[in-house]
Amino acid sequence: MAIDIKVPEMGESVTEATISAWTKKEGDAVKVDEVLAILETDKVSLEIPAPTSGVLKSISKKVGDVVHVRDIIGAIEEGAVASAPVSSGNPAPKAETQSPQPNTGKVNEELPPAARKLIEENKLDASKITGTGRNGQITKEDVILYMEKGGANSAPKTSTSSSPEIPKAVVVSANSGPRETVVPMTKLRQTIANRLVNAQHTAAILTTFNEVDMSPIMDLRNKYKDKFKETHGVGLGFMSLFTKAAVAALKAFPAINAEIRGTDIVYKNYYDIGVAVGGPKGLVVPIVRNADLLSFAGVEQEIARLAGKVKDGKISLEDMEGGTFSISNGGVYGSMMSTPILNPPQSGILGMHNIVKRAVVVNDQIVIRPMMYLALSYDHRIVDGKEAVQFLVKIKEMVEDPTRLLFEV
Numbered sequence: 001m002a003i004d005i006k007v008p009e010m011g012e013s014v015t016e017a018t019i020s021a022w023t024k025k026e027g028d029a030v031k032v033d034e035v036l037a038i039l040e041t042d043k044v045s046l047e048i049p050a051p052t053s054g055v056l057k058s059i060s061k062k063v064g065d066v067v068h069v070r071d072i073i074g075a076i077e078e079g080a081v082a083s084a085p086v087s088s089g090n091p092a093p094k095a096e097t098q099s100p101q102p103n104t105g106k107v108n109e110e111l112p113p114a115a116r117k118l119i120e121e122n123k124l125d126a127s128k129i130t131g132t133g134r135n136g137q138i139t140k141e142d143v144i145l146y147m148e149k150g151g152a153n154s155a156p157k158t159s160t161s162s163s164p165e166i167p168k169a170v171v172v173s174a175n176s177g178p179r180e181t182v183v184p185m186t187k188l189r190q191t192i193a194n195r196l197v198n199a200q201h202t203a204a205i206l207t208t209f210n211e212v213d214m215s216p217i218m219d220l221r222n223k224y225k226d227k228f229k230e231t232h233g234v235g236l237g238f239m240s241l242f243t244k245a246a247v248a249a250l251k252a253f254p255a256i257n258a259e260i261r262g263t264d265i266v267y268k269n270y271y272d273i274g275v276a277v278g279g280p281k282g283l284v285v286p287i288v289r290n291a292d293l294l295s296f297a298g299v300e301q302e303i304a305r306l307a308g309k310v311k312d313g314k315i316s317l318e319d320m321e322g323g324t325f326s327i328s329n330g331g332v333y334g335s336m337m338s339t340p341i342l343n344p345p346q347s348g349i350l351g352m353h354n355i356v357k358r359a360v361v362v363n364d365q366i367v368i369r370p371m372m373y374l375a376l377s378y379d380h381r382i383v384d385g386k387e388a389v390q391f392l393v394k395i396k397e398m399v400e401d402p403t404r405l406l407f408e409v
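Residue numbers (full-length UniProt numbering): 1 to 409.
This is the structure we're talking about:
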């Protein structure tokens, strides 16, 4: 009995996807729950498992096709067994292989312009050049290879001048491949592009900067990181400290944790922090929910769990829905300074950058300290410049004096 393979529900507001890969071909044996195909939505990739064991009877939607919820993309013959190739006892006839055939024509309009130009300029005999193109056609690369092998020296001489003829120089490209490669944008990349453009068009985005001395937080981390990992089973990173600092700053400046909804401002009394994570299909922003209620260990464990799902391509729509504020750490890629773009409908995003030792003045003394630039991009429609500056100052104060996080001051 044939069992249809259908596109499952893909989450709220997601109705279509693109087939990015089939892991099986028609006639292959499959087991129940084995991954058959991968769909790419405008947010994540989804795996389509086999609804039953048997043989993949048919594939009705190929790679690149756009499909919708409940569409039938193939069928499985339930309980069937894949048949092995049957041997007749006689050796199968060898497939004919097409070897490049010498081109017997002369230089004419049928040759590609680049090949024709090289042949004419170097006075070559086209009939002596082996063509590897379609139907034995001579390509530019064939001409270059012919000349590199000394074929140019056997070109017919047509000049009657007593002075030696100086051949024109031939520029041989080191890259013999195509000069351009056209790849369709994935659904995920299209959505990222549209969201970024939409954010620029609909929000009044400004960015303010500050710098922070990372010495106190680095000393604290170095002092407790081994005991922290031993106790909680996860490493102590900077992200949990910045997440807790951001929550404290958001409580002090609630407009940055709000959003514009029509003609209303919606102030949110919860703190779901989006943490940007680079994955195999691009940057995604999973959400650490109720970050204000989590301990430092709880934040680190949740970030590690979400990052693992992103790396394995298992991140779900539910992991990325919502979010009241975002944090992006371009420093892991070496960024010194950047202006992060808002993740609508959020009104703020914090950008962390790399840590660089720089000369700074402390108590009228020039000292070397590990410094980081911080950036806050915000929607000026809802957040005043004064609030944005004070928000970053608040984070700077807590990072440079981590005991403030303990006493919430």
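Even for Gly, the Cβ is constructed at its ideal location relative to N, Cα and C. Here the structure is a predicted model, which means the values were calculated and not measured.
Quiz prompt | Collapsed DSSP secondary structure at Gly-235 in the structure displayed | solution = Within the sequence shown, the letter at position 235 stands for residue 235. Residue state, collapsed to three classes: coil.
Self-check item: Residue span of the beta strand (DSSP E) that contains Lys-357, given as start and end
Solution: For the purposes of this step, residue 357 is identified with residue 357 of the sequence shown, where counting begins at 1. Looking at the DSSP string, the run of the beta strand (DSSP E) that includes Lys-357 is 348 to 362.
Practice problem: Using three-state DSSP, classify Phe-391 as helix, strand or coil. | Solution: For the purposes of this step, residue 391 is taken as the residue at position 391 of the sequence shown. Phe-391 falls in the helix class under three-state DSSP.
Quiz item: Does DSSP put Arg-261 in a helix, in a strand, or in coil?
Solution: By 1-based counting over the sequence shown, the position of residue 261 is 261. If DSSP states are grouped into helix, strand and coil, Arg-261 belongs with the strands.
Quiz item: If we ignore side chains and look at the alpha-carbon of each, how far apart do Arg-195 and Gly-150 end up?
Solution: As a first step, residue 195 is located in the sequence shown; it is residue number 195 there, counting from the start. As a first step, residue 150 is located in the sequence shown; it is residue number 150 there, counting from the start. Going from the Cα of Arg-195 to the Cα of Gly-150 covers about 57 Å.
Quiz item: Taking C-beta to C-beta, are Gly-237 and Glu-302 nearer than 8 Å?
Solution: By one-based count along the sequence shown, residue 237 stands at place 237. By one-based count along the sequence shown, residue 302 stands at place 302. Their beta carbons are not under 8 Å apart, which means Gly-237 does not touch Glu-302 by this criterion.
Quiz prompt | Enclosing beta strand (DSSP E) for Phe-325 [first to last residue] | solution = As a working note, residue 325 is residue 325 in the sequence shown. First-last of the beta strand (DSSP E) with Phe-325: 325 to 329.
Quiz item: Between Leu-306 and Glu-180, what straight-line distance do the alpha-carbon atoms span, to the nearest angstrom?
Solution: Along the sequence shown, one-based indexing puts residue 306 at 306. Along the sequence shown, one-based indexing puts residue 180 at 180. Roughly 36 Å separates the two Cα atoms.
Practice problem: Classify Asn-257 as buried or exposed, calling it buried when 16 or more other Cβ atoms lie within 10 Å of its own Cβ. | Solution: Residue numbering aside, residue 257 sits at position 257 when the sequence shown is read from its first letter. Counting Cβ neighbours within 10 Å, Asn-257 comes out buried, since at least 16 surround it.
Quiz prompt | Same chain, Cβ closer than 6 Å to Leu-406, five either side skipped, listed in chain order | solution = Taking the sequence shown and counting its residues from 1, one reaches residue 406 at position 406. The answer is none, since no qualifying residue turns up.
Quiz prompt | CA-to-CA distance, Leu-374 to Asn-210, given in whole angstroms | solution = Here residue 210 corresponds to residue number 210 of the sequence shown, with the count starting at 1. Here residue 374 corresponds to residue number 374 of the sequence shown, with the count starting at 1. Spanning the two alpha carbons is a distance of roughly 5 Å.
Self-check item: Close-in-space but distant-in-sequence residues of the same chain around Glu-47 (CB under 7 Å, 5 per side omitted)
Solution: Taking the first residue of the sequence shown as position 1, residue 47 is located at position 47. Closer than 7 Å at Cβ, skipping near neighbours: Val-35, Ile-38.
Practice problem: Indicate the three-state DSSP secondary structure (helix, strand or coil) for Lys-227 in the structure shown. | Solution: Residue numbering aside, residue 227 sits at position 227 when the sequence shown is read from its first letter. If DSSP states are grouped into helix, strand and coil, Lys-227 belongs with the helices.
Quiz prompt | Helix, strand or coil at Tyr-270 according to DSSP, with G and I counted as helix | solution = Numbered from 1 along the sequence shown, position 270 holds the residue referred to as residue 270. Coil.
Quiz item: In the DSSP assignment, what are the bridge partners of Gln-365?
Solution: Within the sequence shown, residue 365 is the residue found at index 365, counting from 1. Val-362, per the DSSP bridge assignment.
Quiz item: Where do the ends of the alpha helix (DSSP H) carrying Glu-300 lie?
Solution: Residue mapping note: residue 300 aligns to position 300 of the sequence shown, counting from 1. Taken as a continuous stretch (DSSP letters only), the alpha helix (DSSP H) holding Glu-300 covers 296 to 311.
Quiz item: Do the region 272 to 281 and the region 354 to 367 make contact, defined as three or more Cβ pairs closer than 8 Å?
Solution: no
Exercise. Might you give, ordered along the chain, the residues of its own chain that have their beta carbon closer than 7 Å to the beta carbon of Asp-319, omitting 5 neighbours on each side?
Key: Residue mapping note: residue 319 aligns to position 319 of the sequence shown, counting from 1. Cβ neighbours of Asp-319 beyond the five flanking positions: Pro-286, Ile-287, Leu-306, Lys-309.
Exercise. State the beta-bridge partners of Ser-215 as determined by DSSP.
Key: One-based indexing of the sequence shown puts residue 215 at position 215. None, per the DSSP bridge assignment.
Exercise. Would you tell me roughly how many angstroms separate the C-alpha atoms of Ala-199 and Asn-343, rounded to the nearest one?
Key: If you number the sequence shown from 1, residue 199 lands on position 199. If you number the sequence shown from 1, residue 343 lands on position 343. Taking the straight line joining both Cα atoms gives about 7 Å.
Quiz item: By Cβ distance below 7 Å, which residues in the same chain neighbour Thr-97 in space, the five residues on each side in sequence not counted?
Solution: As a first step, residue 97 must be located in the sequence shown, where it is residue number 97. Below a pLDDT of 50, predicted positions are generally treated as unreliable, and Thr-97, at 45, falls in that range; the measurement from the model is reported next regardless. The answer is none, since no qualifying residue turns up.
Exercise. Quick one: residues in its chain with C-beta nearer than 8 Å to the C-beta of Met-336, no 5 flanking neighbours on either side, listed in chain order?
Key: Counting from 1 along the sequence shown, the entry for residue 336 is found at position 336. Closer than 8 Å at Cβ, skipping near neighbours: His-353, Asn-354, Val-356, Tyr-373.
Quiz item: Does the distance from the CB of Val-234 to the CB of Ala-291 come in under 8 Å?
Solution: Locating residue 234 in the sequence shown gives position 234, where the first residue counts as 1. Locating residue 291 in the sequence shown gives position 291, where the first residue counts as 1. No, these two residues do not count as a Cβ contact at 8 Å.
Quiz item: So which of Gly-330, Ala-21, Thr-18, Ser-58 has the shortest CA-CA distance to Asp-28?
Solution: Here residue 28 refers to the residue found at position 28 when the sequence shown is read from its first residue. Of the candidates Gly-330, Ala-21, Thr-18, Ser-58, the one whose C-alpha sits nearest the C-alpha of Asp-28 is Ser-58.
Self-check item: Straight-line gap, residue 410 to Glu-400 (C-alpha atoms, nearest Å)
Solution: The question about residue 410 has no answer, for the chain in this structure spans 1 to 409.
Quiz item: Rounded to a whole number of angstroms, what is the C-alpha to C-alpha distance between Lys-394 and Ala-249?
Solution: Looking up residue 394 in the sequence shown gives position 394. Looking up residue 249 in the sequence shown gives position 249. Taking the straight line from one Cα to the other gives about 6 Å.
Quiz item: Which word fits Val-55, buried or exposed, when buried means at least 16 other C-beta atoms lie within 10 angstroms of its C-beta?
Solution: Within the sequence shown, the letter at position 55 stands for residue 55. Answer is buried; the Cβ neighbour count reaches 16.
Exercise. List the whole-angstrom C-beta distance separating Pro-51 from Ile-19, where the pair is believed to meet the contact cut-off of C-beta under 8 Å.
Key: Against the sequence shown, residue 51 aligns to sequence position 51. Against the sequence shown, residue 19 aligns to sequence position 19. Their Cβ separation, rounded to whole angstroms, is 17 Å, which puts Pro-51 and Ile-19 out of contact at 8 Å.
Exercise. Can you grab the Cα-Cα spacing for the pair Gly-323 / Ile-260, in whole Å?
Key: Your numbering for residue 323 matches position 323 in the sequence shown. Your numbering for residue 260 matches position 260 in the sequence shown. Roughly 14 Å between the two C-alpha positions.
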